[in-house]
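Residue numbers (the numbering used here): 1 to 251. Comments concern the structure below.
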Amino acid sequence: RLCAIRLADIGARSVDDAEHDVPIEIRHSSAASSARYADAHQPPTTTEGCPSIMTRLAVTGAGGYIGGAVVAAATGDPGLSVRSIVREPAPWLTGEVVQVADLGVDAEGALDDIEVVLHLAGPNEVETASDPVAAIASAIGAARSVTKAAAAASVRRIVYVSTVHVYGAALQPGAQVDEQTIPMPRHPYAIARLACEHIIAAEAGPLEVVVLRLTNAVGPPAASGVDRWSLVANDLCRQAVSGDHLELRTD
Numbered sequence: 001r002l003c004a005i006r007l008a009d010i011g012a013r014s015v016d017d018a019e020h021d022v023p024i025e026i027r028h029s030s031a032a033s034s035a036r037y038a039d040a041h042q043p044p045t046t047t048e049g050c051p052s053i054m055t056r057l058a059v060t061g062a063g064g065y066i067g068g069a070v071v072a073a074a075t076g077d078p079g080l081s082v083r084s085i086v087r088e089p090a091p092w093l094t095g096e097v098v099q100v101a102d103l104g105v106d107a108e109g110a111l112d113d114i115e116v117v118l119h120l121a122g123p124n125e126v127e128t129a130s131d132p133v134a135a136i137a138s139a140i141g142a143a144r145s146v147t148k149a150a151a152a153a154s155v156r157r158i159v160y161v162s163t164v165h166v167y168g169a170a171l172q173p174g175a176q177v178d179e180q181t182i183p184m185p186r187h188p189y190a191i192a193r194l195a196c197e198h199i200i201a202a203e204a205g206p207l208e209v210v211v212l213r214l215t216n217a218v219g220p221p222a223a224s225g226v227d228r229w230s231l232v233a234n235d236l237c238r239q240a241v242s243g244d245h246l247e248l249r250t251d
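Here's what the structure looks like:
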């Protein structure tokens, strides 16, 4: 039997599907360990009598700012089974958590039984600015290793979260920027992200590759230990509740 699903979800079966609710073939996996994935042969039936659909999603950088928010949202989605991949322990994460000290050298095995990888791990703009050479090397190494591990594990799709700042010099007042604009990154963080886009495309093989070039992320972190108060909106909110004036920091 076929069911309609919201294909704007990260597990959309194709790029065209992501814009429409359409019937697709039902695929199901258990929400627990990889052993249970292998044993799940029959999709369960929902209260509406329609088989449920579960996409096995791995999130690298799950302990970070965006990663933590994605995991929190995905954990409550009955259509997703989430594996959080972190470098250091993140006590606020629930469900399946895999700790990998260095994705650049040890991603193999972390993506077994996964359908979709959301790759977020990598130095942020503050870390990259403080040590550009090391940060760029770290980001590229992780992107290459994760993509090769995903291909080896027969992952269906890898989604890479890049940044709008890859357009760099094209981001001028009044400019209209879209996916056809030629990237001209100037900041080391944007240079690293664009390089990772190319590395992933080069190593992907049969993998579907989706790149999201985000603008500004706004919202509370998943836990107080996620230090992203350097983001302008978060910094202003913190100042509003902790002081008697607001200062727009431009550094």
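Built from N, CA and C at the ideal position, the CB exists for glycine as well.
| Item | Value |
| --- | --- |
| So, with DSSP's three-state summary, where would you put residue 213? | strand |
| Determine the burial state of residue 224: buried for a count of at least 16 other Cβ atoms within 10 Å of its Cβ, exposed for fewer. | exposed |
| Alpha carbon to alpha carbon, how far is residue 119 from residue 69? Give it in angstroms, no decimals. | 14 Å |
| Of the residues 216, 164 and 61, which one's Cα is nearest the Cα of residue 231? | 216 |
| Where does residue 208 fall in DSSP's three states? | strand |
| Looking only at its chain, what residues have a beta carbon closer than 7 Å to the beta carbon of residue 105, apart from the 5 residues adjacent to it on each side? | 145 |
| Please report the straight-line C-alpha distance between residue 95 and residue 76, rounded to a whole angstrom. | 11 Å |
| Which same chain residues, not among the five before or five after residue 194, have their C-beta less than 6 Å away from its C-beta? | 166, 183 and 185 |
| Give the DSSP-derived three-state secondary structure of residue 236 in the structure shown. | helix |
| Suppose contacts are defined by Cβ-Cβ distances below 8 Å. Is residue 207 in contact with residue 150 by that definition? | yes |
| Please go through the same chain and pick out, in chain order, the residues whose beta-carbon is closer than 7 Å to the beta-carbon of residue 131, but skip the five residues on each side of it. | none |
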